[in-house]
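Comments concern the structure below.
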Amino acid sequence: MTFNNFVGGKWLPSESAATFENRNPANTGDLIGLFPDSTAADAEAAIAAARRAFESWRLVPAPKRAEILFKAAQIIAARKEEFARDMTREMGKVLDETRGDIQEAIDMTYFLAAEGRRLHGQTAPSELRDKFAMSIRQPIGVCSMITPWNFPMAIPSWKIIPALVCGNTVVLKPSELTPLSAINFVKVLEEAGVPAGVVNLVTGGPAVGEVLTTHPDVSVVSFTGSTAVGKLVNQNAAPFFKKVHLEMGGKNAIMIMDDANLELALEGCVWGGFGTTGQRCTAASRVIVHEQVHDRFVDAFLTRVSALRVGDGLETATQMGPSISEKQLQKVMSYVAIGRQEGATLACGGRSLASGAHANGFFHEPTVFTGVTPSMRIAREEIFGPVVSVIKCGSVDEAVAVANDVSYGLSCSIYTQDINRAFTAMRDMYTGIFYVNAPTIGAEVHLPFGGTKATGNGHREAGIAALDVFSEWKSIYVDFSGRLQRAQIDTAEL
Ligand code: NAD
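If you use my numbering, the sequence shown corresponds to residues 106 to 599, in order.
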């Protein structure tokens, strides 16, 4: 099946007519479809359509914009299973998880659509008589969105819905590896009644991304992806003074104290480390364990990890799917080699799987390294695959110091029964997200999502915080005195 871009309310091929293939990472013989390999001209046409549509969409009352979005949430909910199957086919994670991805898009759409009846500003007393002072949120203009493949519907929804409810228009470029889920989402918006040009979608690679980050008619660039590409996006957009929102990589840690409920911690580490095949920005790729419980934890952890069933995410018995691509699998394998060279102990897994049911996909064994020290590359760099490094520690302070000592700052968690330790770690971890007695994954849509340091640039997705990315404050003063009043100068009158 051949899919199209969505520009100005029409589904169109690339002006070059070129396409690229999207294949199932669990079975490369399964062709999902052909998608436009779009050019700079396609991206420019989408930006022009969004620019035109902005003039009318910004004036649609926010509660009316929200009504359309509520309808979209209902449509997605009705098609949840169909969309989840499409997503598992195109990116490999197991059905339970793709259902979760779609559910996140539904939750985000309902939550942020409700802002259409709020979008609160502030009123404040004026320092002068007969004068009214207030601030309101204003839409900004055309927002370009560049998204990764690991949450192929959730992440586009995190960006598109707040942008729309605020009155902006959108051009989305999804990952080349997961265009179908983005198309499914945009089709729903079209069906729900989003007017032509308000949401545009252009598939393709960096050539499209570069136009979206540099075009003079784009006011906001919202990017989720690797730190390396995020840096490029930031540099490319900077000369144009665009508002740039970046959500990037992570190297998240679960800290397990000697008083932890070990059973709970084990479950959390398996889910946090190997859910989505370790391909989550919040994946628990480091486990920092107190020396008093280290050996007991490692024994049980290895037993559980070795028992994980790896396979096609569409099969109900599968617990862990493939890597997204050959390139990603190679990256995982290269880090396994690096870990061994660095002197860590390969305690389980470590091999790619390429025979029998795994012959046509990008599968890798769930892998655990023990004896990892904080300075090793496997403990510092984002692998984005099913590889967990176990590091020994002697105290909560040491665990926090090790957990903080990476360039990223997305998510962290602690397992302990001691409220003092929990609060100490909660305060001292410099991350955007923190969990107590739960793994590093599992964010909910109504709280801000994002990270510090090389994970983000100070903005947040989700929650009400998302509105700050996609709106600008305007302060308004209404003087009804009928005379010139000079702020800070006419101070004598009481
Ligand atoms: P990536 O950086 O390779 O690609 C992300 C997007 O950027 C894709 O759409 C890609 O086509 C586009 N792109 C590539 N080159 C570009 C350029 N020069 N200009 C503009 N756009 C360009 O990342 P990925 O492999 O798709 O995703 C994995 C990464 O995403 C991981 O690092 C992960 O941690 C991160 N991620 C972060 C979050 C978060 O919220 N912090 C969430 C999910 C994923």
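Glycine included, C-beta positions come from ideal geometry on N, C-alpha and C.
Supposed close pair residue i, residue j - CB separation, criterion 8 Å
| i | j | result |
| --- | --- | --- |
| VAL307 | ALA145 | Actually they do not touch by this definition, with Cβ atoms about 10 Å apart. |
| ILE266 | LEU164 | With 8 Å as the limit, ILE266 and LEU164 do not qualify as a contact, their Cβ atoms being about 19 Å apart. |
| VAL473 | PHE406 | 7 Å |
| VAL583 | PHE237 | 4 Å |
| PRO257 | MET353 | With a Cβ gap of about 17 Å, PRO257 and MET353 do not count as contacting. |
| ALA171 | ARG222 | 6 Å |
| THR545 | SER580 | At roughly 39 Å, the Cβ-Cβ gap does not stay under 8 Å, so THR545 and SER580 are not in contact. |
| LEU217 | VAL270 | 5 Å |
| GLY490 | THR382 | 7 Å |
Residue of the options minimising C-alpha distance to residue i
| i | options | result |
| --- | --- | --- |
| ASN305 | THR124, VAL112 and THR529 | VAL112 |
| ASN255 | CYS271, GLY205 and LEU367 | GLY205 |
| SER327 | PRO311, ASN289, THR252 and LEU136 | THR252 |
| GLN435 | ALA422, ALA459, ALA412 and LEU451 | ALA459 |
| SER280 | GLU126, THR475 and ARG456 | GLU126 |
| ALA167 | ARG128, ARG156, LYS432 and ALA268 | ALA268 |
| VAL323 | PRO553, TYR540, VAL403 and PHE575 | PHE575 |
| CYS248 | ALA154, ALA122 and ARG184 | ALA154 |
| SER480 | VAL495, SER457, THR560 and LYS176 | VAL495 |
| GLY246 | GLY310, MET239 and PRO321 | PRO321 |
| ALA412 | ARG385, GLU431, GLY466 and GLU470 | GLU470 |
| LYS313 | LEU552, ALA597 and SER121 | Going by the sequence as given, residue 313 is Val instead of Lys. The shortest Cα separation from VAL313 among LEU552, ALA597 and SER121 belongs to SER121. |
| TYR215 | ASP573, GLY563, LYS176 and THR193 | LYS176 |
| PHE402 | CYS374, GLY380 and GLN384 | CYS374 |
| LEU200 | PHE188, GLY383 and ILE211 | PHE188 |
| ALA543 | SER516, THR332, ALA210 and SER512 | SER516 |
| ILE393 | LYS169, ARG485, ILE569 and ASN562 | ARG485 |
| LYS600 | THR329, PRO244 and GLU232 | A question about residue 600 goes unanswered here, because the residues of the chain that appear run from 106 up to 599. |
| SER428 | ARG128, ASN562 and GLY114 | ARG128 |
| LYS432 | ALA182, GLN397, PRO130 and GLY563 | PRO130 |
| VAL492 | THR203, ALA597, VAL410 and GLU209 | VAL410 |
| MET250 | THR596, GLU577 and PRO311 | PRO311 |
7 Å CB neighbourhood of residue i in its chain, flanking five on each side removed
| i | result |
| --- | --- |
| LEU337 | none |
| MET521 | Note on identity: in this sequence residue 521 is Thr, with Met being the wrong assignment. Same-chain partners within the cutoff: MET362, ASP364, ALA365 and ALA527. |
| GLY124 | Looking at the sequence itself, residue 124 is Thr, so the reference to Gly does not match. These residues qualify, in order along the chain: THR107, LEU139, PHE140, PRO141 and ASP142. |
| GLU296 | ILE180 |
| SER82 | Residue numbering for the chain in the displayed model covers 106 to 599; residue 82 lies beyond these limits and cannot be assessed. |
Beta-carbon proximity list for residue i, same chain, < 6 Å, skipping 5 on both sides
| i | result |
| --- | --- |
| ASN509 | TYR535 |
| THR318 | VAL326, VAL338, ASN341 and ALA342 |
| VAL303 | ALA158, TRP162 and THR274 |
| ALA151 | VAL112, VAL276, ASN305 and VAL307 |
| GLU220 | VAL270 |
| ASN465 | ASN132, THR133 and GLY134 |
| GLU487 | GLY354 and LYS356 |
| GLU232 | none |
Nonlocal neighbours in the same chain, by C-beta distance under 8 Å from residue i, ignoring five residues either side
| i | result |
| --- | --- |
| MET213 | ALA259, SER262, TRP263, ILE266, VAL550 and ALA567 |
- Message: Whether or not the segment 366-373 and the segment 334-349 are in contact is what I'm after, with contact meaning three or more pairs of Cβ atoms, one per stretch, closer than 8 Å; do they touch?
- Response: no
- Flag this pair as touching only if the segment 133-143 and the segment 224-244 have three or more C-beta atom pairs under 8 Å; answer yes or no. Counting C-beta pairs closer than 8 Å gives fewer than three between the segment 133-143 and the segment 224-244, which falls short of the contact rule.
- Report yes or no: do three or more beta-carbon pairs, one from the segment 444-452 and one from the segment 473-489, lie closer than 8 Å? yes
- Task: Decide yes or no for the touch test of the segment 385-397 against the segment 422-440: beta carbon pairs closer than 8 Å, at least 3 of them.
- Result: no
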